[in-house]
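Using this note's numbering, you'd call the opening residue of the sequence shown number 78 and step up by one each time.
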Amino acid sequence: MRALFSAICCFFLFQVVSAQNSPDCRTAIPVCADAPILGTTDGGGDIDDFDPEEITQTGCLEKGSVSSANIENNTEWYVFRAGVDGQIGFDIEALPVNPGSPITAEWDFALYGPFDETSNENFCTIIGDGSAQPIRCNYEYNDTGFTGIGINPADGREGAPFVKGSQNTYDEWLNVREGEIYYLYINNYNTNFDEEPESFELTFTGTSVDEDQDSALDCTLRDEFLGFDIVACEGDPDIILSALNSPAGPNIANVTWTVDWDDDGTIDQVLANGPNETEYAVSSPDSGRYFVSIENNQGQISSDDVLITFYGIPELDEVRVIDDFLNSDRTDPYNVEIVPVGDGNYEYAINGGEFQDDPIFRDVPPGLSTVVINDKNGCGTSEPEAFLVVGYPKFFTPNSDGFHDSWTVYGVEELTNPVVYIFDRYGKLLKQINVNVGWDGTYNGRDMPSSDYWFRLEYERDDEGILVAKSVRRHFSLVR
Numbered sequence: 078m079r080a081l082f083s084a085i086c087c088f089f090l091f092q093v094v095s096a097q098n099s100p101d102c103r104t105a106i107p108v109c110a111d112a113p114i115l116g117t118t119d120g121g122g123d124i125d126d127f128d129p130e131e132i133t134q135t136g137c138l139e140k141g142s143v144s145s146a147n148i149e150n151n152t153e154w155y156v157f158r159a160g161v162d163g164q165i166g167f168d169i170e171a172l173p174v175n176p177g178s179p180i181t182a183e184w185d186f187a188l189y190g191p192f193d194e195t196s197n198e199n200f201c202t203i204i205g206d207g208s209a210q211p212i213r214c215n216y217e218y219n220d221t222g223f224t225g226i227g228i229n230p231a232d233g234r235e236g237a238p239f240v241k242g243s244q245n246t247y248d249e250w251l252n253v254r255e256g257e258i259y260y261l262y263i264n265n266y267n268t269n270f271d272e273e274p275e276s277f278e279l280t281f282t283g284t285s286v287d288e289d290q291d292s293a294l295d296c297t298l299r300d301e302f303l304g305f306d307i308v309a310c311e312g313d314p315d316i317i318l319s320a321l322n323s324p325a326g327p328n329i330a331n332v333t334w335t336v337d338w339d340d341d342g343t344i345d346q347v348l349a350n351g352p353n354e355t356e357y358a359v360s361s362p363d364s365g366r367y368f369v370s371i372e373n374n375q376g377q378i379s380s381d382d383v384l385i386t387f388y389g390i391p392e393l394d395e396v397r398v399i400d401d402f403l404n405s406d407r408t409d410p411y412n413v414e415i416v417p418v419g420d421g422n423y424e425y426a427i428n429g430g431e432f433q434d435d436p437i438f439r440d441v442p443p444g445l446s447t448v449v450i451n452d453k454n455g456c457g458t459s460e461p462e463a464f465l466v467v468g469y470p471k472f473f474t475p476n477s478d479g480f481h482d483s484w485t486v487y488g489v490e491e492l493t494n495p496v497v498y499i500f501d502r503y504g505k506l507l508k509q510i511n512v513n514v515g516w517d518g519t520y521n522g523r524d525m526p527s528s529d530y531w532f533r534l535e536y537e538r539d540d541e542g543i544l545v546a547k548s549v550r551r552h553f554s555l556v557r
């Protein structure tokens, strides 16, 4: 549901956007390139986007010498979506608190992205934990009153990659692709700390804007004012949804919040209703699709929805063995698929190896292995779980060092009526082994030499209720 508010702001010369300090970039104000944007910040601000105990700097935004001037100090967050391929920049101009009064604000910025809406990433989480670093930023002293991306309109100086101490308050142009998402963080580093609102003007620039300012950035993003779908972790702080970023602005007569718990198209509950219900707090673990409907004083309606999903520590449902002696006629290599409980943004690792996004592992070693599942949104990692692949090792080293000292078919006890025969390269029978018995590399008490040896595994498999005899013949190496 993305209802378009009929009196959209782009018919006016200025889009005025004023907000309290954003406690989280999830409440970022959606903007586009059709008009200058007037913004304000009004105090010491929250620092909920960057944990001051963990994140002391992010890219070129550093923690200041003033204890109350953290990398998130007195801020506003904006989000925009590229409407076309091209070049984008912006100017942030410091404005006086009152006409004729001196400018006291010191504006800095950081730009994060590009983000892909189909990636299933929680953008604000990876920004806040430092996983996503700014692609453009600047905290140089603004002696011209301007900072941004592109060309400083006050002195014509072109932006360049950030270098501390360069005195250049502009970074280089941004080349965007249609549909990419960017988060813009604007920070008043040298705030006056007296809660007196300080203002700036944000104007988008660049060749895309020059060619068609109505299409350079996607203005339909304004109608998604609750933000993008949110993935959060069980136990996270409340998620604050705001109706104040809607096209209705502050001219609100009534707000109604509802929820569809199962996201099945049926509204299950009215959560809040009234002219003052401009925010709603969603607590863990209340997953669902949340809706808001806003009526302004002229009776016009705007509405939006957002899906919020809380995840706990990942759980393993099963390890599906695709190929081994027990599950298929293919005996080498052995392949498995990791199946988690539920859907999530997971990655997988076996036997302490590197994590991978693909749940299918190929050429898995025979015998017992372990798997762990990691939630890529930071919601935790499962405990190691063991699984068995029925198969044989390709070599063994009977030198009494405690490693690979005997040879067997791992998991042979899982087979029906198994018998293993071991032969030398000339076909002479050396050993017959059954369940839980291995070969130590000897024959009649004498060590057999390093060489290739053969084995034949005979067992029965259930084929639709009928036991069918199976036989596998393969070779392996004895190494001394």
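Glycine included, every Cβ here is placed at the ideal spot set by N, Cα and C.
If I follow the unbroken alpha helix (DSSP H) through residue i, where does it start and stop?
i, result
"Phe200", "200-205"
"Glu288", "284-288"
What residue from the options has the CA that sits closest to residue i's CA?
i, options, result
"Phe387", "Cys137, Ile316, Pro410", "Ile316"
"Ser405", "Ile437, Gly116, Asp540, Gln210", "Asp540"
"Ala105", "Asp220, Tyr216, Ile165, Ser319", "Ser319"
"Asp524", "Thr221, Asn494, Ser477", "Ser477"
"Asp394", "Thr152, Glu462, Tyr216", "Glu462"
"Phe127", "Asp340, Asn374, Gln210", "Gln210"
"Trp338", "Leu348, Ser196, Thr447", "Leu348"
"Val253", "Asn245, Glu301, Phe192, Glu392", "Phe192"
"Ile399", "Asn322, Ile390, Val413, Thr152", "Val413"
"Ser446", "Gly457, Gly429, Ile437", "Gly429"
"Arg502", "Asp529, Thr519, Gly522", "Asp529"
"Arg557", "Val416, Pro526, Glu198, Thr221", "Pro526"
"Arg213", "Gly455, Gly236, Ile344", "Gly236"
"Ser370", "Pro436, Glu460, Gly351", "Gly351"
Mind reading off the beta-carbon distance from residue i to residue j? Whole number of angstroms is fine, and I expect it under 8 Å.
i, j, result
"Ile226", "Tyr247", "7 Å"
"Cys102", "Leu298", "The Cβ separation is near 15 Å, so there is no contact."
"Asp382", "Leu303", "7 Å"
"Ala159", "Glu255", "6 Å"
"Cys137", "Tyr216", "6 Å"
"Gln164", "Ser285", "6 Å"
"Val396", "Arg366", "About 33 Å separates the two Cβ atoms, so there is no contact after all."
"Val467", "Phe402", "4 Å"
"Ile450", "Phe277", "With a Cβ gap of about 45 Å, Ile450 and Phe277 do not count as contacting."
"Cys456", "Ile390", "6 Å"
"Phe553", "Pro470", "7 Å"
Determine the extent of the beta strand (DSSP E) in which residue i is found, giving its start and end residues.
i, result
"Trp338", "Unbroken run through Trp338: none, as it is neither H nor E."
"Val489", "Val489 -> no beta strand (DSSP E), and no H or E assigned at all."
"Arg397", "393-400"
"Glu372", "365-373"
"Cys310", "307-310"
"Tyr357", "356-359"
"Ala561", "Since the first residue of the chain shown is 78 and the last is 557, residue 561 is not available in this structure."
"Glu424", "423-427"
"Pro191", "184-192"
"Ala349", "346-351"
"His552", "543-555"
"Ser446", "444-452"
"Ser178", "From DSSP, Ser178 is part of no beta strand (DSSP E); its letter is neither H nor E."
"Asp382", "378-388"
"Pro417", "412-417"
"Cys214", "213-215"
Where does residue i land, buried or exposed, given buried means 16+ other C-beta within 10 angstroms?
i, result
"Asn98", "Legend: pLDDT at Asn98 = 42, less than 50; position of this residue unreliable, value from coordinates given subsequently. Under this definition Asn98 is a buried residue."
"Tyr218", "exposed"
"Ile307", "buried"
"Pro324", "buried"
"Ser380", "buried"
"Leu555", "buried"
"Ala171", "buried"
"Glu431", "exposed"
"Asn151", "buried"
"Pro107", "buried"
"Lys505", "exposed"
"Leu544", "exposed"
"Lys453", "buried"
"Ser364", "buried"
"Ile378", "exposed"
Between the region 288-297 and the region 173-192, are three or more C-beta pairs nearer than 8 Å?
-> By the Cβ rule, the region 288-297 does not count as touching the region 173-192, because fewer than three pairs are nearer than 8 Å.
Contact the region 436-443 vs the region 474-485: 3+ CB pairs below 8 Å | The region 436-443 makes no contact with the region 474-485, as fewer than three CB pairs between them are under 8 Å.
Does the region 174-182 come close enough to the region 193-211 that 3 or more CB-CB pairs lie under 8 Å?
-> As far as the Cβ criterion goes, the region 193-211 does not touch the region 174-182, which means the pair count is below three.
Taking 8 Å as the threshold, find out whether the region 415-433 comes into contact with the region 353-362 through three or more Cβ pairs.
-> With a cut-off of 8 Å, the region 353-362 and the region 415-433 do not count as touching, because too few Cβ pairs lie within range.
Would you check if the region 489-497 and the region 506-525 touch, i.e. whether three or more CB-CB distances between them fall below 8 Å?
-> The region 506-525 makes contact with the region 489-497; the number of CB pairs closer than 8 Å reaches 3 or more.
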